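Protein chains in written order, with our numbering: chain C, 178 to 636; chain L, 342 to 785; chain X, 210 to 499.
Structure first, then comments.
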Amino acid sequence: MNTSMLFLVVAILIAIAYVVGRSRAATLRKNETPMHSLPRYYGYLTAICTALPAFAILIIWSIAEPAILKSSTISSLPSGIQSLPEGELDLVLNDIKNLATGGISQSADDSIRQAAATHYGETQGLSRLLKSIIVILAGLAGLLYGFKKIHSNTRARVGVERAIMIALIACSCIAIFTTLGIVLSVLFESLRFFNKVPFTEFAFGLHWSPQTSIRADQVGSSGSFGAVPIFAGTLLISAIAMLVAVPFGLMSAIYLAEYASSTVRAWAKPLLEILAGIPTVVYGFFAALTVAPLIRNVGESIGLDVASESALAAGLVMGIMIIPFVSSLSDDVITAVPQAMRDGSLGLGATKSETIKKVVIPAALPGIVGGILLAVSRAIGETMIVVMAAGLAANLTINPLEAVTTVTVQIVTLLTGDQAFDSPKTLAAFALGLMLFVTTLILNVIALHTVRKYREQYD
Amino acid sequence: MNNDSLESTSEAIPPETTMVSDTTEKVRKSLGRRYAREKRFKLFGVIAITASLSFLAVLIISITIRGLPAFKQTFLNLDVTLDADTLDLGENPDQDALRKANYNGAIKNSLLELFPDVKKRKEKKALYKFVSNGGQYDLQAKVMADPTLIGQTINVWLPVGDDASGYLRGHIDTSVPEKKRRFKNNQITWIEELRADNKVQTKFNRTFFSRGDSREPEMAGIKGSLFGSILTLMVTLVLSFPIAVATAIYLEEFAPKNRWTDIIEVNINNLAAVPSIVFGLLGLAIFINFFNLPRSAPIVGGLVLSLMTLPTIIISARAALKSVPPSIRDAALGLGASNLQVVFHHVLPLAMPGILTGTIIGMAQALGETAPLLMIGMVAFIVDVPNALTDPATVLPVQIFQWADLPEKGFVEKTSAAIMVLLGVLIAMNAIAVLLRRKFERKW
Amino acid sequence: MNKENTVPALDLEQDTPTEQTIEEIVASLGDTVGQTRVDNPKMSVSNVDVFYADKQAIFGVDLDIANNEVISMIGPSGCGKSTLLRCLNRMNDTIPICRVTGDITLDGEGIYSKDTDPVLLRARVGMVFQKPNPFPKSIYENVAYGPRLHGLNRNRADLDDIVVNSLRKAGIYEEVKNRLDDAGTSLSGGQQQRLCIARTIACSPEVILMDEPCSALDPIATAKIEELIDELRENYAIAIVTHSMQQAARVSQRTAYFHLGKLVEVGDTDTIFTNPRHELTENYITGRFG
Numbered sequence: 178m179n180t181s182m183l184f185l186v187v188a189i190l191i192a193i194a195y196v197v198g199r200s201r202a203a204t205l206r207k208n209e210t211p212m213h214s215l216p217r218y219y220g221y222l223t224a225i226c227t228a229l230p231a232f233a234i235l236i237i238w239s240i241a242e243p244a245i246l247k248s249s250t251i252s253s254l255p256s257g258i259q260s261l262p263e264g265e266l267d268l269v270l271n272d273i274k275n276l277a278t279g280g281i282s283q284s285a286d287d288s289i290r291q292a293a294a295t296h297y298g299e300t301q302g303l304s305r306l307l308k309s310i311i312v313i314l315a316g317l318a319g320l321l322y323g324f325k326k327i328h329s330n331t332r333a334r335v336g337v338e339r340a341i342m343i344a345l346i347a348c349s350c351i352a353i354f355t356t357l358g359i360v361l362s363v364l365f366e367s368l369r370f371f372n373k374v375p376f377t378e379f380a381f382g383l384h385w386s387p388q389t390s391i392r393a394d395q396v397g398s399s400g401s402f403g404a405v406p407i408f409a410g411t412l413l414i415s416a417i418a419m420l421v422a423v424p425f426g427l428m429s430a431i432y433l434a435e436y437a438s439s440t441v442r443a444w445a446k447p448l449l450e451i452l453a454g455i456p457t458v459v460y461g462f463f464a465a466l467t468v469a470p471l472i473r474n475v476g477e478s479i480g481l482d483v484a485s486e487s488a489l490a491a492g493l494v495m496g497i498m499i500i501p502f503v504s505s506l507s508d509d510v511i512t513a514v515p516q517a518m519r520d521g522s523l524g525l526g527a528t529k530s531e532t533i534k535k536v537v538i539p540a541a542l543p544g545i546v547g548g549i550l551l552a553v554s555r556a557i558g559e560t561m562i563v564v565m566a567a568g569l570a571a572n573l574t575i576n577p578l579e580a581v582t583t584v585t586v587q588i589v590t591l592l593t594g595d596q597a598f599d600s601p602k603t604l605a606a607f608a609l610g611l612m613l614f615v616t617t618l619i620l621n622v623i624a625l626h627t628v629r630k631y632r633e634q635y636d
Numbered sequence: 342m343n344n345d346s347l348e349s350t351s352e353a354i355p356p357e358t359t360m361v362s363d364t365t366e367k368v369r370k371s372l373g374r375r376y377a378r379e380k381r382f383k384l385f386g387v388i389a390i391t392a393s394l395s396f397l398a399v400l401i402i403s404i405t406i407r408g409l410p411a412f413k414q415t416f417l418n419l420d421v422t423l424d425a426d427t428l429d430l431g432e433n434p435d436q437d438a439l440r441k442a443n444y445n446g447a448i449k450n451s452l453l454e455l456f457p458d459v460k461k462r463k464e465k466k467a468l469y470k471f472v473s474n475g476g477q478y479d480l481q482a483k484v485m486a487d488p489t490l491i492g493q494t495i496n497v498w499l500p501v502g503d504d505a506s507g508y509l510r511g512h513i514d515t516s517v518p519e520k521k522r523r524f525k526n527n528q529i530t531w532i533e534e535l536r537a538d539n540k541v542q543t544k545f546n547r548t549f550f551s552r553g554d555s556r557e558p559e560m561a562g563i564k565g566s567l568f569g570s571i572l573t574l575m576v577t578l579v580l581s582f583p584i585a586v587a588t589a590i591y592l593e594e595f596a597p598k599n600r601w602t603d604i605i606e607v608n609i610n611n612l613a614a615v616p617s618i619v620f621g622l623l624g625l626a627i628f629i630n631f632f633n634l635p636r637s638a639p640i641v642g643g644l645v646l647s648l649m650t651l652p653t654i655i656i657s658a659r660a661a662l663k664s665v666p667p668s669i670r671d672a673a674l675g676l677g678a679s680n681l682q683v684v685f686h687h688v689l690p691l692a693m694p695g696i697l698t699g700t701i702i703g704m705a706q707a708l709g710e711t712a713p714l715l716m717i718g719m720v721a722f723i724v725d726v727p728n729a730l731t732d733p734a735t736v737l738p739v740q741i742f743q744w745a746d747l748p749e750k751g752f753v754e755k756t757s758a759a760i761m762v763l764l765g766v767l768i769a770m771n772a773i774a775v776l777l778r779r780k781f782e783r784k785w
Numbered sequence: 210m211n212k213e214n215t216v217p218a219l220d221l222e223q224d225t226p227t228e229q230t231i232e233e234i235v236a237s238l239g240d241t242v243g244q245t246r247v248d249n250p251k252m253s254v255s256n257v258d259v260f261y262a263d264k265q266a267i268f269g270v271d272l273d274i275a276n277n278e279v280i281s282m283i284g285p286s287g288c289g290k291s292t293l294l295r296c297l298n299r300m301n302d303t304i305p306i307c308r309v310t311g312d313i314t315l316d317g318e319g320i321y322s323k324d325t326d327p328v329l330l331r332a333r334v335g336m337v338f339q340k341p342n343p344f345p346k347s348i349y350e351n352v353a354y355g356p357r358l359h360g361l362n363r364n365r366a367d368l369d370d371i372v373v374n375s376l377r378k379a380g381i382y383e384e385v386k387n388r389l390d391d392a393g394t395s396l397s398g399g400q401q402q403r404l405c406i407a408r409t410i411a412c413s414p415e416v417i418l419m420d421e422p423c424s425a426l427d428p429i430a431t432a433k434i435e436e437l438i439d440e441l442r443e444n445y446a447i448a449i450v451t452h453s454m455q456q457a458a459r460v461s462q463r464t465a466y467f468h469l470g471k472l473v474e475v476g477d478t479d480t481i482f483t484n485p486r487h488e489l490t491e492n493y494i495t496g497r498f499g
């Protein structure tokens with residue numbers, strides 16, 4: 178029985194449990210037994226009693242199974258293979274798994290592996306059978322337990338509500354686990370990377386070329402991993418993007434909040450939202466196919482040498498992408514400035530623009546700065562536009578007409594190739610990911626804190 | 342009110358009628374300059390908003406112009422003789438033999454029949470390029486559906502190859518010297534002959550919606566990636582919606598105000614701003630390398646995307662729950678409902694439109710997401726349409742990304758067309774969200 | 210922007226249980242009782258109607274505001290007194306749906322005429338609002354804001370003088386002279402309101418409009434402001450909208466009573482409070498409604 182089949186059986190069992198539980202309670206009620214809750218709560222309770230043990234066992238089994246299978250297979254292998262280093266052993270195991278699922282082995286000593294594969298297949302089959310039986314038995318046991326609990330003393334509603342409450346709390350913890358998962362995954366791989374490449378080289382090295390092996394003397398490492406040019410490239414492109422996004426976004430927000438008639442607002446805001454809803458891959462395509470050649474042609478016509486994957490093109494388009502982000506965040510904070518502030522200024526004879534420049538914007542400044550920090554965090558983490566429109570070469574330059582590369586571009590290129598997972602090249606991607614996560618985390622926390630404090634001020 | 346009229350009025354006022362104070366005089370002097378500044382400032386605003394909106398217009402127009410041709414496909418009318426010899430078929434061929442038969446040969450023969458003068462090897466090769474490589478699959482499908490066709494001559498419309506269709510659409514500049522051109526002079530003569538014979542026709546491109554990816558632009562379609570997107574989004578929706586609603590309910594209705602819930606809140610707000618590619622790293626390290634889930638599978642894509650969309654839905658769901666007035670809760674509590682019953686019977690249904698709006702927006706975001714899916718290997722070249730959650734698959738935005746990288750002219754069209762489909766779906770989703778919000782908007 | 214909130218709530222259904230339209234009720238109120246005109250008025254309101262979209266909020270009001278005098282406008286909530294006040298320096302321009310017809314003049318010039326500039330008008334006719342609304346800047350900057358805008362000072366020393374004088378006139382200088390660089394919002398409510406008055410005075414206006422300036426303040430702060438209004442009368446024409454009849458009686462020389470957007474009665478404050486001539490005025494003064 179495969180997993181989805183087993184799921185189906187358990188689901189049917191749960192449904193049966195509900196029906197049985199409810200009808201039992203209903204019968205009791207009809208026979209004038211005073212019940213604490215409505216019949217359906219007893220149904221729910223029986224269903225929960227059935228589901229909990231079944232799923233618990235199913236999940237534990239599924240997690241433990243691969244490890245058990247692995248150790249059982251290894252112990253069935255000759256000791257010569259068992260004593261192989263971990264990496265090669267993994268390859269052998271992969272081979273065996275392939276064989277077991279009907280694939281072809283890539284190795285010479287077929288008979289041993291064939292035997293191991295048979296062993297693997299048998300163990301796996303046994304494990305599946307056992308799993309199905311035990312899960313179903315657990316479900317049935319739960320059903321029986323739940324059924325026995327149907328009597329007037331059981332406060333079914335309270336029990337059900339407690340279970341729901343626990344489920345709610347568990348769900349709200351997923352956010353924590355996600356963050357934890359991110360931290361652990363990037364941190365562990367990064368630590369492995371820093372074992373192979375010293376942190377100082379990564380953080381201060383000026384040369385980045387993970388592809389080529391230029392330092393052949395260093396065993397276990399190929400290429401050099403000085404990330405400074407990547408950080409510089411990321412900053413350059415983000416800076417160009419912010420130079421576009423902040424003035425345009427801020428002025429759009431001011432215009433919409435302070436000047437525009439309600440009709441203009443009703444049209445312009447959804448249109449800006451569309452701009453914000455366009456997938457970044459579309460912006461990337463636009464940047465690579467339209468904007469980059471345009472800039473190159475314009476540059477050539479005035480005698481400038483522009484790289485075909487210039488930082489300018491990627492930065493400009495990224496800026497356009499961030500305009501609606503800046504504008505909607507600024508719009509929120511500008512409209513949050515109390516009307517009394519504006520009245521005070523207008524009442525003294527200030528013009529509208531004087532009121533905006535000297536009273537509204539200074540009052541909204543913390544909120545606007547928070548919004549801009551969020552936008553910066555977004556620019557730094559933006560991936561598709563730079564993957565499609567920025568270069569791969571890690572040039573250390575501040576000339577926007579040259580090609581530069583960014584953290585996200587490097588992560589994508591390092592991880593989309595076919596590479597053994599623990600080569601320094603792939604691990605470097607996680608180290609870059611760690612840097613990216615930490616940087617954006619700091620920016621986000623500062624920005625969110627600022628905005629929150631600002632909001633509380635006027636609430 | 343402009344500068345000139347103000348100055349003229351100030352001159353026009355006779356001194357004896359008004360007691361012009363010191364202030365009035367000074368303010369009047371500064372007015373011209375101040376109004377000029379006012380005008381300039383407002384102009385900046387108008388420029389900013391117009392520029393932002395024109396970026397949108399330029400983007401959409403440039404993509405539409407590029408993409409529209411891809412919805413049309415050019416076909417060539419051929420009389421193809423399906424005799425068993427040409428097709429390499431023996432007596433009573435089974436389905437497998439029919440699948441492997443040499444349909445290309447039959448097509449080549451019928452092309453040669455149209456132009457009996459073509460004898461040289463090189464010329465023949467040039468002629469064969471008129472029919473797309475995919476033409477044989479069309480024939481194959483026809484024959485496999487009806488094996489009695491073998492031995493007959495049938496009249497079929499087959500898709501035209503990339504270069505020829507490029508020429509027919511005017512993409513090939515004939516003023517360029519022949520050597521530098523992919524489409525040669527003799528090919529032009531032939532195709533013009535066919536055109537004159539009404540053997541060339543442009544129809545709606547069904548292939549684009551009915552096939553998976555292909556190396557040939559004229560045979561490439563978005564069906565595979567579209568199905569991949571649907572499967573992935575299904576997983577995302579099934580996971581993120583209930584979890585997000587549960588989280589929102591807990592945080593908004595039950596959570597005590599303490600350090601722990603504070604941490605959860607900060608966490609959620611922060612996750613909403615974490616770069617999407619980081620979620621991809623999480624997916625790669627945890628789901629694929631740790632839990633050994635299959636690479637390139639919609640199930641992993643859906644898992645990653647649901648972690649990514651969770652914060653968006655939670656935040657909007659909380660806002661929706663918050664907007665339900667406390668009086669409703671009090672009323673239900675007053676009738677003896679338990680806290681949970683109040684929430685599930687009264688508050689949640691009232692907040693549902695708002696939650697759904699947020700969910701649709703979150704799904705739209707997930708549909709357009711590319712970067713994290715690259716990390717978990719959904720970027721492979723996959724021809725088949727995925728049927729299960731564990732089949733290797735790709736999604737629409739990733740397909741766009743892959744096509745955008747290919748040099749053939751035909752793929753630029755396809756990319757733009759795929760973007761048009763994607764944007765169409767996204768705009769429709771957002772429109773539904775807006776309508777939902779308008780329809781159920783309530784003022785308490 | 211909560212523009213909607215500044216529109217007085219005119220709940221017609223509630224006010225008209227006998228299903229009379231508001232126009233009919235207003236018509237039944239008759240002509241304004243008392244002397245609407247004064248000799249040599251600073252500002253003069255003639256036959257002014259104000260509409261918010263389709264709803265009429267002010268019905269044909271005539272009223273003069275004289276120099277060196279405080280006129281108070283009283284009446285129940287939603288009677289249009291604040292609306293009229295905001296028309297006097299065109300603050301209603303900030304509400305797009307608001308429309309004003311009729312004539313309002315300042316020194317004989319129509320303030321709604323094409324040639325009148327709202328910026329200049331507001332510099333001449335200052336306004337103090339219901340809730341103290343200092344800018345989120347220092348005390349000094351709050352007061353210096355107006356003079357800077359209008360270029361009233363020649364140099365920094367000039368500006369210092371204006372700031373100090375305005376703060377002095379507003380009776381708050383002694384309290385803040387050592388902390389002019391502190392945020393205006395750090396002051397107490399009463400101090401904030403006096404700061405706002407100083408801010409208005411700094412533009413050396415000719416008329417000061419006050420829209421319930423004490424409604425957000427405690428009695429002690431209120432007393433200080435009232436004292437201040439009395440002093441300011443020597444140099445300015447002052448119009449004050451107030452909810453408190455006692456305040457009107459204490460600070461004003463003339464009083465105007467509004468009902469449902471109509472000016473019902475106007476006259477010397479003493480006369481209005483001791484011997485009201487219109488029945489509605491009497492009912493309001495004696496606390497029978499309002």
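Even glycine gets a Cβ: it sits at the ideal position worked out from N, Cα and C.
The structure displayed is predicted, hence computed values, not measured ones.
- Item | Unbroken stretches of the alpha helix (DSSP H), 4 residues or longer, contained in the segment 661–685 of chain L | 667–675
- Under 8 Å between C-beta atoms of residue 486 of chain C and residue 567 of chain C: Residue numbering aside, residue 486 of chain C sits at position 309 when the first sequence is read from its first letter. Residue numbering aside, residue 567 of chain C sits at position 390 when the first sequence is read from its first letter. Going by C-beta atoms, residue 486 of chain C is nearer than 8 Å to residue 567 of chain C.
- Item | is_contact[residue 198 of chain C, chain X] using C-beta, thresh 8 Å | Residue mapping note: residue 198 of chain C aligns to position 21 of the first sequence, counting from 1. No, no contact with chain X.
- Apart from the five residues on each side of it in sequence, which residues of its chain come closer than 6 Å, Cβ to Cβ, to residue 782 of chain L? In the second sequence, residue 782 of chain L corresponds to position 441, counting from 1. For residue 782 of chain L, where only same-chain residues beyond five positions count, there are no Cβ hits under 6 Å.
- Among L:604, L:439, L:622 and L:744, which has the Cα closest to the Cα of residue 359 of chain C? By 1-based counting over the first sequence, the position of residue 359 of chain C is 182. Out of L:604, L:439, L:622 and L:744, L:622 has the C-alpha closest to the C-alpha of residue 359 of chain C.
- Taking only beta-carbon atoms, is residue 425 of chain C less than 8 Å away from chain L? Working through the first sequence from its first residue, we reach residue 425 of chain C at position 248. Closer than 8 Å to some Cβ of chain L, the Cβ of residue 425 of chain C qualifies, so yes.
- Query: Are the Cβ atoms of residue 422 of chain X and residue 410 of chain X separated by less than 8 Å?
  - Reply: As a working note, residue 422 of chain X is residue 213 in the third sequence. As a working note, residue 410 of chain X is residue 201 in the third sequence. No. Outside cutoff.
- Item | Residue nearest to residue 293 of chain X in terms of C-alpha spacing, selected from X:363, X:255 and X:327 | What you label residue 293 of chain X is simply residue 84 of the third sequence in a count that begins at 1. Ranking X:363, X:255 and X:327 by Cα distance to residue 293 of chain X puts X:255 first.
- the segment 667–685 of chain L in contact with the segment 747–764 of chain L per 3-pair CB rule at 8 Å: no
- Query: Taking one C-beta from the segment 505–519 of chain C and one from the segment 318–330 of chain X each time, how about it: are there three or more such pairs within less than 8 Å?
  - Reply: no
- Since residue 468 of chain X sits in a beta bridge, which residues does DSSP pair it with? The sequence position of residue 468 of chain X within the third sequence is 259, counting from 1. Beta-bridge pairing links residue 468 of chain X to X:471.
- Is there at least one Cβ from chain L nearer than 8 Å to residue 462 of chain C's Cβ? For the purposes of this step, residue 462 of chain C is taken as residue 285 along the first sequence, with counting starting at 1. Yes, because at least one Cβ of chain L sits closer than 8 Å to the Cβ of residue 462 of chain C.
- Distance, residue 450 of chain L Cα to residue 471 of chain L Cα: Residue mapping note: residue 471 of chain L aligns to position 130 of the second sequence, counting from 1. Residue mapping note: residue 450 of chain L aligns to position 109 of the second sequence, counting from 1. Approximately 13 Å, taken between the alpha carbons.
- Query: Which residues, taken in chain order from the segment 648–664 of chain L, show a beta carbon closer than 8 Å to some beta carbon of chain C?
  - Reply: 648, 651, 652 and 655
- Message: I believe residue 500 of chain C touches residue 425 of chain C by the beta-carbon criterion, under 8 Å. Please report the beta-carbon distance rounded to the nearest angstrom.
- Response: Residue mapping note: residue 500 of chain C aligns to position 323 of the first sequence, counting from 1. Residue mapping note: residue 425 of chain C aligns to position 248 of the first sequence, counting from 1. That belief holds up - the Cβ atoms of residue 500 of chain C and residue 425 of chain C are roughly 5 Å apart, short of 8 Å.
- Item | Per-residue burial, residue 758 of chain L [other beta carbons within 10 Å of its own, 16 or more giving buried] | Here residue 758 of chain L corresponds to residue number 417 of the second sequence, with the count starting at 1. With 16 or more other Cβ atoms within 10 Å, it is buried.
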